[in-house]
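Novice: Below is the structure I would like to discuss, written out as structure tokens.
Numbering (the working numbering), first residue to last: 1331 to 1507.
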């Protein structure tokens, strides 16, 4: 394959891994989340530092405290060198935390548990990817938090849609084929 086409294909495959991570987090899809990391992958994100397999448990414990989330990836810079690649993905995440939820985990520790709160967090995923057995996956992830903003939630924040609504599971319309 032409080198430029191979490079483009590699970058598309790597970007798909980043996007799958966001879907897995927002849909609480543990199987998909585990699939984006190599088995020996290392993860440092917020208070967590260790194997990515254990990060999945850490993340799902925090996510269970939220009503819904949405992670959006913006700028995505990918540099490929053979079967190793590095990426920097800018992200913004929205979280709804319900009144009464109390936790000492991550940014939840700052939540005002007397009200429903919307929490906006922005940061970057700094990743090292490795292509093993023909498949790109994350070998090392560093999550960088750039800023966070807490706001009291309002009733207008949840749409009463005429059509399908989001689900934090594989019942979400994105999984229907």
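Here a beta-carbon is modelled for each residue, glycine too, at the ideal position from N, C-alpha and C.
Note that this is a predicted model, so its numbers are computed, not measured.
Report yes if the CB atom of residue 1375 is closer than 8 Å to the CB atom of residue 1473, and no otherwise.
Specialist: yes
Novice: Which partner residues of residue 1470 appear in the DSSP bridge assignment?
Specialist: 1372 and 1458
Novice: Can you name the residues that DSSP bridges to residue 1407?
Specialist: 1418
Novice: Assuming residue 1468 and residue 1447 form a contact by the criterion Cβ under 8 Å, report the distance between their Cβ atoms to the nearest whole angstrom.
Specialist: Contact doesn't hold; Cβ gap of about 30 Å is too wide.
Novice: On the DSSP letters alone, give me the boundaries of the beta strand (DSSP E) that residue 1378 sits inside.
Specialist: 1378-1381
Novice: Which whole-angstrom value is the C-beta distance of residue 1351 and residue 1337, which I expect to be below 8 Å?
Specialist: The Cβ separation is near 22 Å, so there is no contact.
Novice: Answer yes or no: do residue 1479 and residue 1457 have a C-beta to C-beta separation smaller than 8 Å?
Specialist: Contact flag unset, no.
Novice: Could you work out which residue in 1380, 1360, 1334 and 1497 is closest to residue 1409 when comparing CA atoms only?
Specialist: 1334
Novice: Measure how close the beta-carbons of residue 1494 and residue 1503 come, nearest whole angstrom, since I'm counting them as under 8 Å.
Specialist: 5 Å
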